[in-house]
Amino acid sequence: AQTVTQSQPEMSVQEAETVTLSCTYDTSENNYYLFWYKQPPSRQMILVIRQEAYKQQNATENRFSVNFQKAAKSFSLKISDSQLGDTAMYFCAFRSGYALNFGKGTSLLVTP
Amino acid sequence: DAGVIQSPRHEVTEMGQEVTLRCKPISGHNSLFWYRQTMMRGLELLIYFNNNVPIDDSGMPEDRFSAKMPNASFSTLKIQPSEPRDSAVYFCASSKLAGVSHTQYFGPGTRLTVL
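Sequences listed follow chains V and P, in order. Under our numbering, residues 1 to 112 are what the first sequence spells out, in order. Under our numbering, residues 1001 to 1115 are what the second sequence spells out, in order.
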């Protein structure tokens, strides 16, 4: 069974600063995808970024980038130039079949 | 394009009542997923449909839970009878295909409270 671990239940960052959220996973699969989803207070689950395991290049989406370390089974999310609207729960998720396996989430608070 | 649509957004009911949650996937998506989110268990998959056919319902907690997908644009998740421990946020998600490379897009969720 695949497990996803987010070791930081809560984090805080000041506006315009950079923050990194950690995620590790455990799998014996070789072909899989990793995702970061954002859940703001509205409860909507919003895809932030995704990474294909076979790609060595780290994915980036504007202010969001990942550090994917396949051998270490690590998949961290870096948010640059943090904005107040980034305040949300962030979930790391793993997919090798049809189901998404989610971590417990990290609550990120961006302060002025 | 409209995203995944769920209704109702909030549902409050009493123990023993029947509850029906509804989902309209993104047009053209062939795979549909129901997830449940609780504080204790986080997000977990309940059931997965491909081309309107239930493929894996091993996540459905009990026989009180049932799900249907009568056509490509509509799915329901029913709880009968409901219990307080069913209180959770229920998400519907869809993807173009079931393959691992296809991103799942989530609806806004239904917050269910069973008193």
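Built from N, CA and C at the ideal position, the CB exists for glycine as well.
Nearest-angstrom Cα separation, counted from residue j out to residue i
{"i": "Gln69/V", "j": "Cys1023/P", "result": "37 Å"}
{"i": "Glu17/V", "j": "Thr60/V", "result": "17 Å"}
{"i": "Leu77/V", "j": "Glu1083/P", "result": "38 Å"}
{"i": "Ser74/V", "j": "Pro1108/P", "result": "29 Å"}
{"i": "Leu1021/P", "j": "Leu1043/P", "result": "17 Å"}
{"i": "Phe64/V", "j": "Gly1099/P", "result": "25 Å"}
{"i": "Pro1056/P", "j": "Thr111/V", "result": "The identity of residue 1056/P in the sequence shown is Asp, whereas the question assumes Pro. Going by the C-alpha atoms only, they are around 43 Å apart."}
{"i": "Asn31/V", "j": "Pro1054/P", "result": "24 Å"}
{"i": "Ala99/V", "j": "Leu1045/P", "result": "7 Å"}
{"i": "Phe102/V", "j": "Gln57/V", "result": "23 Å"}
{"i": "Val1114/P", "j": "Arg1036/P", "result": "14 Å"}
{"i": "Ser107/V", "j": "Leu34/V", "result": "19 Å"}
{"i": "Ser1094/P", "j": "Met11/V", "result": "30 Å"}
{"i": "Asp26/V", "j": "Ile49/V", "result": "20 Å"}
{"i": "Gly113/V", "j": "Arg1041/P", "result": "This structure leaves residue 113/V out entirely; chain V is present only between 1 and 112."}
Under 7 Å between C-beta atoms of residue i and residue j
{"i": "Leu1112/P", "j": "Ser1073/P", "result": "no"}
{"i": "Lys104/V", "j": "Gln6/V", "result": "yes"}
{"i": "Tyr1105/P", "j": "Val1004/P", "result": "yes"}
{"i": "Met45/V", "j": "Gln39/V", "result": "yes"}
{"i": "Asn1051/P", "j": "Asn1071/P", "result": "no"}
{"i": "Leu21/V", "j": "Tyr90/V", "result": "yes"}
{"i": "Gln1017/P", "j": "Thr1110/P", "result": "no"}
{"i": "Trp1034/P", "j": "Leu1077/P", "result": "yes"}
Residue of the options minimising C-alpha distance to residue i
{"i": "Ser1027/P", "options": "Met1015/P, Thr1110/P, Pro1054/P, Ala1002/P", "result": "Ala1002/P"}
{"i": "Glu1062/P", "options": "Asn1051/P, Ile1079/P, Gly1099/P, His1102/P", "result": "Ile1079/P"}
{"i": "Leu109/V", "options": "Phe102/V, Arg63/V, Ile79/V", "result": "Ile79/V"}
{"i": "Ser28/V", "options": "Ser12/V, Thr3/V, Phe102/V, Leu21/V", "result": "Thr3/V"}
{"i": "Met1039/P", "options": "Pro9/V, Val19/V, Ser82/V", "result": "Pro9/V"}
{"i": "Ser96/V", "options": "Arg1085/P, Ala1093/P, Thr1103/P, His1010/P", "result": "Thr1103/P"}
{"i": "Cys1092/P", "options": "Ala1067/P, Glu1014/P, Arg1085/P, Ser1101/P", "result": "Ala1067/P"}
Segments assigned beta strand (DSSP E), at least 3 residues, entirely inside the region 22 to 66 of chain V: Counting whole runs of 3 or more residues, the region 22 to 66 of chain V contains the beta strand (DSSP E) stretches 24 to 26, 33 to 39, 46 to 52.
Selection of the region 82 to 93 of chain V by Cβ proximity to chain P, strictly under 9 Å: Answer set for the region 82 to 93 of chain V: Phe91, Ala93.
Secondary structure, beta strand (DSSP E): runs of 3+ residues fully inside the region 1072 to 1096 of chain P: Listed in chain order, the beta strand (DSSP E) elements of length 3 or more contained wholly in the region 1072 to 1096 of chain P are 1074 to 1079, 1088 to 1095.
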